[in-house]
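Peer 1: Numbering (my numbering), first residue to last: 52 to 170.
Here's what the structure looks like:
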């Protein structure tokens, strides 16, 4: 394992765990996530917010799977998807203690993308 692959592995593990866990949890405990959904999403495209929770959970699981893959282009796509999802969350939730954590996840996903691009 070369020196650059160690940080890549650590960033990948972190992103896979966060997105995988939260994605699965949206299916197991959807009521816990309802409060985090912006009010305007209920009824968007005719779908209730409970369905949107499953949509976002699926996207998070797909993100985790992409980052966990052994295909560099898929990993890069997963890192960008993770960044986009976190950016979307940050624009909707405002600044709080959870947002501080989300900024770290955003920076980690962007760092993973940049490291993969240089590899």
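Don't be surprised by glycine CBs; every beta carbon is placed ideally from N, CA and C.
Given the structure is predicted, the values throughout are model-derived calculations rather than measurements.
Beta-carbon within less than 6 Å of residue 89's beta-carbon, same chain only, minus the 5 sequence neighbours each way: which residues are those?
Peer 2: Correct list, in chain order: 143.
Peer 1: Helix, strand or coil for residue 56, going by three-state DSSP, please let me know.
Peer 2: Reduced to three states, the DSSP call for residue 56 is helix.
Peer 1: Using a threshold of 8 Å, state whether the C-beta atoms of residue 65 and residue 112 are closer than that.
Peer 2: The answer is no: Cβ separation not under 8 Å.
Peer 1: In the DSSP assignment, the alpha helix (DSSP H) including residue 87 goes from what residue to what residue?
Peer 2: Looking at the DSSP string, residue 87 is not in any alpha helix (DSSP H), and its letter there is neither H nor E.
Peer 1: Quick one: is residue 77 buried, meaning 16 or more other Cβ sit within 10 Å of its Cβ, or exposed?
Peer 2: Burial call: buried.
Peer 1: Among the residues of its own chain, which have a CB less than 7 Å from the CB of residue 165, if the five just before and after it don't count?
Peer 2: Here the set comprises nothing.
Peer 1: Roughly how far, in whole angstroms, is the beta-carbon of residue 140 from the beta-carbon of residue 153, given that I think they are within contact range, below 8 Å?
Peer 2: Contact flag correct, Cβ pair sits at about 6 Å.
Peer 1: Please give me, in chain order, every unbroken run of the beta strand (DSSP E) with length at least 3 that falls completely inside the segment 101 to 149.
Peer 2: List check, beta strand (DSSP E) in window: nothing returned.
Peer 1: Taking the straight line between their C-alpha atoms, what separation do you get for residue 146 and residue 136?
Peer 2: Roughly 16 Å between the two C-alpha positions.
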